[in-house]
Every structure is written in C-alpha cells, then in structure tokens.
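Trainee: To start, I am sharing the structure in question, which I have written as structure tokens.
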Amino acid sequence: MGLFDRFRRRSGARRGGGAARSSASLDHLRSWAADREGVEAWLEPATTIGPASILLVAHDGEWTRRSIPDTKQGRALAKELKLPVHQAGVVPYPQRMRDWNNRHGKGA
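Quick note on the working numbering: the sequence shown kicks off at 2 and runs consecutively.
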C-alpha cells in the first residue's frame with residue numbers, strides 16, 4: 002500500500018451519485034428554460050476550483066446555473082433546447098442579469 006493510495010480511495014468514494022446529480026441538473030435546466038422566454042446559455046469551462054457549468058439567462062435577467070460534466074454536454078443541451086450559446090469569458094454576461102440581481106438583492 003503506497004502512501005497516497007488511502008487518499009485516492011477516499012476521493013473516489015466521494016464522487017458517487019454523479020450521474021443522478023447530473024440528470025437532476027439537466028432536468029432542472031430543461032424545465033427552467035421551458036417555463037421562460039428569451040433564454041440564452043453561457044458555457045463556463047471547468048477551472049481548478051470548480052467543474053464546468055452552464056448559465057441560463059431569461060429575457061428579464063432571471064438566471065440559473067448548474068454544473069455539467071463538460072462544455073460539450075452543455076452545448077448539446079443548448080442545441081436540444083434551441084438556445085443561443087455563448088462562451089463565458091468571451092461574451093460578457095448580459096446587463097439584464099446584473100439588473101435582475103440588483104432588483105432581487107442577489108448582487109454584490
């Protein structure tokens with residue numbers, strides 16, 4: 002048994018349930034987009050501190066964000082829902098999102 006084998010097993014055990022969590026996230030995103038108008042998607046790549054995610058923004062600025070396995074799956078979801086797709090970091094988040102945050106006390 003190597004020095005780090007113990008830690009590898011622990012970190013692998015914590016990843017259980019990912020498929021169920023991912024499925025629930027996709028169901029939420031589909032439902033959220035169906036209930037709102039003018040929805041656009043922003044794909045956020047994985048970073049050293051977090052997984053890839055998709056941000057959906059409605060016409061009034063209301064938004065939701067969920068983790069996704071990778072941006073490829075996010076792009077496929079946006080295509081399925083017929084949503085315009087933007088790359089976060091390339092296309093800025095819309096002003097209407099910041100305005101919605103300010104109106105609802107969710108801004109910084």
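Ideal Cβ placement from N, Cα and C applies to all residues, glycine included.
Does the Cβ-Cβ distance between Ala59 and Arg37 come in under 7 Å?
Mentor: Yes.
Trainee: In this structure, how does DSSP classify Arg31 when only helix, strand and coil are distinguished?
Mentor: If DSSP states are grouped into helix, strand and coil, Arg31 belongs with the helices.
Trainee: Whole angstroms are fine: how far does the CA of Gln74 sit from the CA of Thr48?
Mentor: Answer to the nearest angstrom: the Cα atoms are 16 Å apart.
Trainee: With H, G and I counted as helix, E and B as strand and the rest as coil, what does DSSP make of Thr65?
Mentor: Correct three-state label for Thr65: strand.
Trainee: What is the DSSP secondary structure of Leu84, counted as helix, strand or coil?
Mentor: Three-state DSSP puts Leu84 in coil, outside helix and strand.
Trainee: How far does the beta strand (DSSP E) with Ala42 in it reach, from first residue to last?
Mentor: Here the beta strand (DSSP E) through Ala42 covers Glu41 to Glu45.
Trainee: From the DSSP output, read off the bridge partner residues of Ser54.
Mentor: Partner(s): Glu45 and Ser68.
Trainee: So which of Ala77, Pro46 and Leu84 has the shortest CA-CA distance to Leu57?
Mentor: Ranking Ala77, Pro46 and Leu84 by Cα distance to Leu57 puts Leu84 first.
Trainee: If you follow the alpha helix (DSSP H) that Arg99 is part of, which residue opens it and which one closes it?
Mentor: Counting along the chain, the alpha helix (DSSP H) containing Arg99 begins and ends at Gln96 to Arg104.
Trainee: Three-state secondary structure (DSSP) at Gly75?
Mentor: Helix, per DSSP.
Trainee: Near Arg66, what residues of its chain come up, given a Cβ to Cβ distance below 6 Å and the 5 sequence neighbours on each side ignored?
Mentor: Taken in chain order, the residues that qualify are Ser54 and Leu56.
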